[in-house]
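For the sequence shown, the residue numbers in numbering that gives the first Met the number 0 are 0 to 314.
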Amino acid sequence: MKIFSIFFSFLHFWALYQTQFLASARTRQSYSTLEIPTRTLVDLWPDSVTPSTSQMVALSSADRPAGSLMAASSLIFFVMQFVHFKDRSIQLVAAGSLHFIGDAGFRNGLYVIDIGQNDLADSFAKNLSYKEVVKKIPSVILEIKYAVEDIYAQGGRKFWVHNTGPLGCLPQKLSTVQKAPDDLDPYGCISSYNDAARVFNEALLLLCEELRYEKKDATIVYVDVYTIKYDLIANSTKYGFSSPLMACCGFGGPPYNYDVRVTCGHPGYQVCDEDSKNVSWDGIHYTEAANSIIASKILSTDYSTPRIAFDYFCN
0 MKIFSIFFSF LHFWALYQTQ FLASARTRQS YSTLEIPTRT LVDLWPDSVT PSTSQMVALS
60 SADRPAGSLM AASSLIFFVM QFVHFKDRSI QLVAAGSLHF IGDAGFRNGL YVIDIGQNDL
120 ADSFAKNLSY KEVVKKIPSV ILEIKYAVED IYAQGGRKFW VHNTGPLGCL PQKLSTVQKA
180 PDDLDPYGCI SSYNDAARVF NEALLLLCEE LRYEKKDATI VYVDVYTIKY DLIANSTKYG
240 FSSPLMACCG FGGPPYNYDV RVTCGHPGYQ VCDEDSKNVS WDGIHYTEAA NSIIASKILS
300 TDYSTPRIAF DYFCN
């Protein structure tokens, strides 16, 4: 089974979140990854950043709405890049290459969609009110719908859709946002940010139900990652975390160890002795210890709708 992940950039598609410093060893995506030798990626790189006519025709013809948020507005370009990747990969396989994926691989592959958090974060960062952020959510959901339909038109039939996590529990947000005391929940997270995430997730769940009804021959699984991640904060001691809202790598010390002027990896940063005690690695990404729990719970299918064993996608 090939697994394709939709995140935010072209290179993320090739590497599927290769281990990097800011990711604190393994991310949850690296537990199941599409392995393509780095030396062969140059053969797949687009001939031009401008999509060809054939690529444009391959995408759905529905008009995209104006005013979409960041990831939504870039998602169409990601799908264009995917179409190029698919076409080029099939060409190389036909030419005898053993390093790429043929047509059957794309038809039988699992398409993982994990998108939305940056949209909400970017909107709040622009000082939009809660109501203004929520008002923009439907346009993001519509773009995700278009993306699924485009991939479906390319032969994709298996989709694994993650909802977005508790944005208001990230140390980066907690340390940089001027928050009113009454906007903090019992665990110290920003309620309005998490409320927006839940509105997004409810809309995403409805979209998955709609697509499941429309595309009877497709398998579309919605995964409640929000509940998994929030549980790490709300029941941190149960999992052995003593500092659920503090970044392991950063600057400033308690309560969040995050300073926008001295972020992880920049001169002056400090790293905690045991990242297994922290949920957050750098204020944005999760630690390996947290991601290990998240991945285990995702693969359990206890948080999936419909609840389908992950082995199903290997057939």
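The beta-carbon is built from N, C-alpha and C at its ideal position, and this holds for glycine as well.
Quick caveat, the model's predicted, so the values are computed rather than measured.
- In summary, S242 is buried, with 16 or more beta-carbon neighbours lying within 10 Å of its beta-carbon over all protein chains present.
- Look at D301 here: in three-state DSSP terms it is coil, with no helix or strand label.
- Look at the beta carbons and you see the stretch 216 to 223 not touching the stretch 246 to 266: under three pairs across the two are nearer than 8 Å.
- L74 places its beta carbon 8 Å or farther from that of A195.
- Using a Cβ distance threshold of 8 Å, C247 and D274 count as a contacting pair.
- DSSP assignment within the stretch 69 to 123 yields the following whole alpha helix (DSSP H) runs of 4 residues or more, N-terminal first: 69 to 93, 102 to 107.
- Proximity of the stretch 76 to 90 to the stretch 127 to 135 falls short of the contact definition, fewer than three beta-carbon pairs being nearer than 8 Å.
- Under a 10 Å Cβ-count criterion, G282 is classified as buried, with 16 or more other Cβ atoms of the shown protein chains found around its own Cβ.
- Just measuring C-alpha positions, the residue of I232, I112, Q90, Y257 sitting nearest H161 is I112.
- Two segments are said to touch when three or more pairs of C-beta atoms, one from each, lie closer than 8 Å; by this definition the stretch 188 to 205 touches the stretch 135 to 142.
- Looking at the DSSP output, T218 sits in a beta bridge with K157.
- For P254, no beta strand (DSSP E) segment is defined, and its DSSP state is neither H nor E.
- A residue is called buried when at least 16 other Cβ atoms come within 10 angstroms of its Cβ; K296 meets this threshold and is buried.
- Secondary structure at L244: strand, using DSSP grouped into helix, strand and coil.
- Here C263 is buried: its Cβ has 16 or more other Cβ atoms, across all protein chains shown, within 10 Å.
- Bridge partners of L183 according to DSSP: I189.
- In the structure shown, G264 falls within a coil segment according to DSSP collapsed to helix, strand and coil.
- In summary, L97 is exposed, with fewer than 16 beta-carbon neighbours lying within 10 Å of its beta-carbon over all protein chains present.
- Contact check for N126 and G167: beta-carbon distance about 16 Å, past the 8 Å limit, so the pair fails to qualify.
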